[in-house]
Structures are given as C-alpha cells and as structure tokens.
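Beneath this line is the structure, given in structure tokens, with notes to follow.
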C-alpha cells in the first residue's frame, strides 16, 4: 500500500506533511518550486545556468515565492499555484514524499 | 498589488456514486462496444447509469445508441436513451466534420463533459475512454476521483502490450483497476463448436500477472456489429444471446466490486 498524506499545512515558509504511515516531513517552498515537474521547468533545468538572467516583472512583483493554492488532482497529485502565477506543476504524492525532509 | 491567479479547483461530482473508466490502451479491441453494453446491462440490472464518451476524436456513442447530431443551442445535455444519460462529442455538429485539436482542447472537453454537464443523481458514470495513455486519460484522472477502471483486451499478445501500459498508467494515478475483460474471446459456430479465432487467454494472463481480477470473456457474435451500427446495443436487442449473458455476469461482478471496495477518499485539503 502506497502512503497518502493525512494533512498538509503551511508552517512559515514550509509545507508540513503528515503521512498515513506516521512519517512527518517538511518541504521548503524554494525546494518545492525548484522541483516543479512541469514541462517548462524541466526544460529550464536542462539548460546551463544563466548568471545574467533578469527577473521578470511578475517575479519582481511577487516577492518571495509561496504557494497560493494547492488543489488536489484526482487521487494521486496536487497542483501548486505559486504567488508569481506559475501553476502548471502537478506534484504526485510520490514526488512530495521524496521531497520531504524529516520534520 | 498581489497576484491572485485563477485556480481551477477540482470539482466533485456530488450526485455520482461511482465513476468507472473503460479503457484498453490499444484501439480496436471493442472498448466502446463493451462500455455501451456494460452501461446498458447495469441499467437493466436496476442502476441509474450515465455513459460519457471521452473519445473526442472518434466518438462512437451516438451511433451505437441510435442518436445523431443535435442542436446544442436547443438540446439539454446529457441526452437520455434506453434509460441512460449520454454525452458525446458526436452529438455536436462540429464533430461530424472531424476535429483538429491539440491536447489541451481534448483535456478541456473531457473536463467540460465531466463537470459542466448536469448528470443528476447516478449510481454509476461509465467513461468510454479513447485508446492510449494521453490527454483524455490524464484529464479524467486529474479532474475527478475515479472509483475504478476496467481494462478491455483481445486475446492475443499484441493487444496485451498496450493494455499493460494502461494498467500501469492507472496504477501511477492511483485509480484501482477492478479487472480485465477479454473481448472477442471465442466464437461458437452453428456446429456448436468453440473456435478461438484470435487465440485465447490474454485477458486472464494480464489479470494474473497484474494481480487484478479477471472479470470474464465476451464471445464474438457477428450480431454485435449489426447492433452497434443500427443503434440498439446487443444486450437490448438479443438479451438471450451468449454474449449478452456474459455481459450480465461481468456487470454483476463489476458492481459487486465497486460496492465492496472502500471508496477512494479525496486527498486532504492543503491549509495555506
């Protein structure tokens, strides 16, 4: 049986996730965003880092990144809607579990 | 100014007890025929059933149910026929010319059919899936909590390759696979002898190797094609045929499974 979250809530700039096998994990927002599984983020990760990248207006306006909403997707995932408008990442439960550091 | 993007909240289907996906992975194994006959059999067994055609490019439900194009301006969806509620891209006039869509449009229509159509109160919504493991399948499993899926296959190994992919996909998306059905399993000739035209046993083999139930075999009956083309499913026109009896057994087994399994609980809401 694969584990499922029992509760997910924000604590400061982290998500605190309690799993049905008793494990409690936390994921920092930046770590969560860096792992965004959407196609455009996957593509960006494959490119060499650009030290001269200029922040977009949206990024500047948004300030520190935080999730604004996390609707569930079926029985297997959550979509994360970020404060800069990015919302195409659908995180499977397996992925969230892997990202968790012990709380 | 803080940005508040529009969140596409997952909509529950409050009046629908079970959502059942009929899938195969491979095309041409008779998924739509099985979905239509299963839906009608479950209706005959006293359940309130809807049948949603998620095959946006190649809808079959209208012809199989003796329906055609309607004027969407004046028609209320879903359309009722044979005691079932039906929705299909094939009811919409644009679809008759063939559709050129990219994936996002497929996703849009599947989600629209699921969440914007007033299905009312149903015991079961049967979803006739298109072949493959792509946009329609993803949209279904992301938009609603699917109670279970059945995998239709033909007996030969070539069909099993894609059926395994479908099984894996449902596993990834945490949709319980209720079992496999072997369609075109055998043919009983006028001499009473059984002929295994497309070989035999693929459905059972797939079920055993995947640890799911084998729900049953559906024999070949040329009248199935006649019924599909004339708009009256086999189980209604020839209720005493061997294949119709097989549908009754499979439908009863399926319903039992749906009712006995613990309902997939929605995931907890995130408190942000």
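Residue numbers (our numbering), protein chains in the order written: chain F, 375 to 477; chain D, 5 to 276. Glycine residues also receive a C-beta, built at the ideal position from the N, C-alpha and C atoms.
Runs of beta strand (DSSP E) with 3 or more residues, each lying fully within the stretch 134-196 of chain D, are found at 152-157 and 181-186, listed in chain order. In the DSSP assignment, no residue is bridged to residue 439 of chain F.
Proximity of chain F to residue 270 of chain D at the Cβ level (cut-off 7 Å) is accounted for by 446, in chain order. Secondary structure of residue 259 of chain D (DSSP, three-state): helix. For residue 428 of chain F, the closest Cβ of chain D is not nearer than 8 Å. Residues 111, 114 and 115 of the same chain have their beta carbon placed closer than 6 Å to that of residue 143 of chain D, with the five preceding and five following residues left out of the count.
DSSP, read as helix, strand or coil, puts residue 454 of chain F in coil. If you check the CB distance, residue 219 of chain D and residue 254 of chain D come in under 8 Å.
Counted as a single uninterrupted DSSP element, the stretch harbouring residue 206 of chain D is not any beta strand (DSSP E) but the alpha helix (DSSP H) occupying residues 206-214.
Assignment of residue 109 of chain D by DSSP, reduced to helix, strand and coil, places it in the helix class. Under the 8 Å Cβ criterion, the stretch 153-170 of chain D does not count as touching the stretch 67-82 of chain D, having fewer than three qualifying pairs. Per DSSP, the continuous beta strand (DSSP E) segment holding residue 55 of chain D begins and ends at 53-57.
In the three-state reduction of the DSSP assignment, residue 95 of chain D falls in the helix class, which pools H, G and I. The alpha-carbon of residue 258 of chain D is positioned some 14 Å away from that of residue 249 of chain D. For residue 133 of chain D, no CB of chain F lies under 8 Å from its own CB, so it is not counted at the interface with that chain.
Closest in C-alpha terms to residue 415 of chain F, from the list F:450, F:432 and F:464, comes F:464. For residue 466 of chain F, the uninterrupted beta strand (DSSP E) segment begins and ends at 464-466.
In this structure, the beta-carbon distance from residue 156 of chain D to residue 33 of chain D falls below 8 Å.
If you look at residue 378 of chain F, you'll find it isn't in any beta strand (DSSP E); DSSP assigns it neither H nor E.
Pairing residue 22 of chain D with residue 262 of chain D gives a Cβ-Cβ distance under 8 Å. Comparing C-alpha distances from residue 182 of chain D to each of D:25, D:107 and D:17 shows the shortest one belongs to D:25. Within 10 angstroms of the beta-carbon of residue 109 of chain D lie fewer than 16 other beta-carbons, which makes it exposed. Residue environment: residue 178 of chain D is assigned as buried (16 or more neighbouring CB atoms within 10 Å of its CB, all protein chains considered). Rounded to whole angstroms, residue 382 of chain F and residue 171 of chain D show a C-alpha spacing of 29 Å. With a cutoff of 8 Å on beta-carbon distance, residue 206 of chain D and residue 159 of chain D are scored as near each other.
When the alpha-carbon of residue 46 of chain D is set against those of D:17, D:62, D:256 and D:233, the nearest one is in D:256.
The DSSP-derived three-state label of residue 88 of chain D is strand. Fewer than three pairs of CB atoms, one per stretch, sit closer than 8 Å, so the stretch 235-247 of chain D makes no contact with the stretch 115-126 of chain D. Out of F:447, F:424 and F:402, the CA that lies nearest to the CA of residue 472 of chain F is found in F:402. A distance below 8 Å separates the beta carbons of residue 17 of chain D and residue 148 of chain D. No Cβ of chain D is located within less than 8 Å of the beta carbon of residue 473 of chain F. Taken in chain order, the whole beta strand (DSSP E) runs of length 3 or more contained in the stretch 392-451 of chain F are 398-402 and 441-443.
The C-beta separation of residue 93 of chain D from residue 54 of chain D comes to about 15 Å, leaving the pair out of contact by the 8 Å criterion. For residue 150 of chain D, the C-beta contacts it makes with chain F under 9 Å involve 448 and 449, in order along the chain. Annotation for residue 42 of chain D: the continuous alpha helix (DSSP H) segment containing it runs 35-48. What residue 465 of chain F touches in chain D, judged by beta-carbon distance under 9 Å, is nothing: the nearest beta carbon there is about 11 Å away.
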